[in-house]
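Q:
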Amino acid sequence: MPGFSTDAILLRKIEYGDHDFIISFLTQSKGKISVIAKNAKKSIRRFSGALDLFSVNHIHCTFPKKKKDALIILSQTDLENPFANIRYDVFKTAYASFWVELIQSWLEEGKVQRNLYDLLLFSLDALNTGSLSGEVASLLFQIRFMSISGFSPNIEICAVCKTPVDWMEQKNVRFDFQEGRIICQNCVKKRSKYGMTVSKGTLKQLFWINNNDINRADRIKFSSFAIKEGEMLLEAFISFHIGREFKSLQFLRRLRQDNEF
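In the numbering used here, the protein residues as written are 5 to 265.
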């Protein structure tokens, strides 16, 4: 039976009937795909431990024989990395859940995005091993996701007078969600309700992690203020542009609030 094999990261798993799962994967060579894992609840030999959220597998799939529009069949999985440390930590789970929900909602089926696959794999590995904190890993994932997705914000120069951030006298600038750009205090005339004030220091650090070698991300040291401000900026901007609120992000924000007390 014709089919294919590829490395894949599990994005979502939904029960289907009494014994099956419908699973969404971000694959290395096929983009995002949806497959059906038949009898997965009973088949220990084929799927044991391999169908957990965020896990990386080498999957083997076959195409349905009769119905061309039927789901691809997941025939076998070879577990490569379960990223088990993520699921043992509620904050790490919340961050990873936000990333995969973001990809699941934004990426079209069958559209190959090798850069996005590599970004998610790197971010999950950094989260799992602890080479980056969850906060920094999420800032890195979000700013680079926006670059890959084509709506990367302008955080380098004022959109009106073209003054670079380093040359601005004020410590803070205005970020406009609708335009996806910064405006210095000298050029702000009417503040859009869709935006926020952000410090130049936070913008410079976000620019650094977006434009330098991803393997050097552990070298930058964010202050607690820059982390909090960066999270507010990127999470709000992404939600605004995609046009939806993410359940995983709402859960993550509740965790942060509870952790403050």
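Beta carbons are placed, not taken as given, at the ideal position from N, Cα and C, and that holds for glycine.
#1: Comparing C-alpha positions only, which one of Val94, Gln261, Phe229, Glu113 sits nearest to serine 203?
#2: Taking Cβ to Cβ, would you say cysteine 42 is nearer than 8 Å to isoleucine 77?
#3: Can the beta-carbon of glycine 7 be found closer than 8 Å to that of serine 79?
#4: For alanine 98, tell me which candidate among Ser252, Ser137, Glu112 has the shortest Cα-Cα distance.
#5: I'd like the span of the beta strand (DSSP E) that includes serine 243, first residue to last.
#6: Could you tell me the distance, in whole angstroms, from the CA atom of tryptophan 103 to the CA atom of isoleucine 27?
#7: For the region 23–88, which segments carrying the alpha helix (DSSP H) assignment without a break, of at least 4 residues, lie completely within its bounds, in sequence order?
#8: Return the first residue and the last residue of the beta strand (DSSP E) that arginine 185 is part of.
#9: To the nearest angstrom, report how far apart arginine 223 and phenylalanine 51 are at their CA atoms.
#10: Can you tell me whether tyrosine 198 is helix, strand or coil according to DSSP?
#11: What residues in its chain sit with their C-beta under 8 Å from that of phenylalanine 250, if we drop five residues either side in the sequence?
#12: How far does the beta strand (DSSP E) with asparagine 158 in it extend, from its first residue to its last?
#13: Is it a yes or a no for the region 82–89 touching the region 58–67, going by three-plus beta-carbon pairs under 8 Å?
#14: Using a Cβ distance threshold of 8 Å, determine whether the region 128–143 contacts the region 24–38, with at least three qualifying pairs required.
#15: Are at least three pairs of beta-carbons, each pair with one atom in the region 120–132 and one in the region 199–215, less than 8 Å apart?
#16: Which class does lysine 17 belong to by DSSP, given the choice of helix, strand or coil?
#17: With a 10 Å radius around its C-beta and 16 neighbouring C-beta atoms as the bar for buried, classify proline 168 as buried or exposed.
#18: What's the gap between the Cα of isoleucine 147 and the Cα of lysine 70?
#19: Give me the Cα-Cα distance between phenylalanine 95 and glutamate 239, rounded to the nearest whole angstrom.
#20: Considering only the alpha carbon of each residue, which of Thr133, Leu120, Val116 lies closest to isoleucine 90?
#21: Express the C-alpha separation of alanine 44 and cysteine 165 in angstroms, rounding to a whole number.
#22: Starting from valine 177 and walking both ways along the beta strand (DSSP E), at which residues does that stretch end?
#23: Per DSSP, what kind of secondary structure is threonine 206 in: helix, strand or coil?
#24: Could you give the DSSP three-state label for threonine 10: helix, strand or coil?
#25: CB-CB under 6 Å to glutamine 174, same chain, minus the five flanking residues each way: which ones, in chain order?
#26: Near isoleucine 161, which residues of its chain fall below 8 Å by C-beta distance, leaving aside the five closest residues on each side in sequence?
A: Taking the coordinates as given:
#1: With distances taken between Cα atoms, serine 203 lies closest to Phe229.
#2: The amino acid at residue 42 is misidentified as cysteine; the sequence shows lysine. Contact: yes.
#3: Yes, the pair counts as a contact, with Cβ atoms nearer than the cut-off.
#4: Measuring from the Cα of alanine 98, the nearest candidate turns out to be Ser252.
#5: No beta strand (DSSP E) holds serine 243; the alpha helix (DSSP H) holding it covers 228–246.
#6: Our two residues, tryptophan 103 and isoleucine 27, have alpha carbons roughly 16 Å apart in a direct line.
#7: Here the runs fully enclosed are 48–51.
#8: Arginine 185 -> beta strand (DSSP E) spans 185–187.
#9: In this structure, the straight-line span from the alpha carbon of arginine 223 to that of phenylalanine 51 is close to 38 Å.
#10: Coil, per DSSP.
#11: So the qualifying residues of the chain are Phe102, Glu105, Leu106, Ser109, Ser243.
#12: Under the DSSP assignment, asparagine 158 falls in the beta strand (DSSP E) whose first and last residues are 158–162.
#13: The region 82–89 vs the region 58–67: in contact.
#14: The region 128–143 vs the region 24–38: no contact.
#15: By the criterion of at least three beta-carbon pairs nearer than 8 Å, the region 120–132 is not in contact with the region 199–215.
#16: In the three-state DSSP reduction, lysine 17 falls in the strand class (E or B).
#17: Classification of proline 168: exposed, given that the 10 Å Cβ count is below 16.
#18: CA-to-CA, the gap between isoleucine 147 and lysine 70 works out to about 43 Å.
#19: Between the C-alpha atoms of phenylalanine 95 and glutamate 239 there is a straight-line separation of about 16 Å.
#20: Comparing Cα-Cα distances from isoleucine 90 to each of Thr133, Leu120, Val116, the minimum goes to Thr133.
#21: If you take the alpha carbons of cysteine 165 and alanine 44, they lie about 59 Å apart.
#22: Where valine 177 is concerned, the enclosing beta strand (DSSP E) stretches over 176–180.
#23: In the structure shown, threonine 206 falls within a helical segment according to DSSP collapsed to helix, strand and coil.
#24: Note: threonine 10 maps to strand in three-state DSSP.
#25: Only residues of its own chain outside the window of five on either side were considered, and among them Gln189 have a CB closer than 6 Å to the CB of glutamine 174, listed in chain order.
#26: Once the five neighbours on either side are set aside, the close Cβ partners of isoleucine 161 are Thr167, Pro168, Val169, Ile186.
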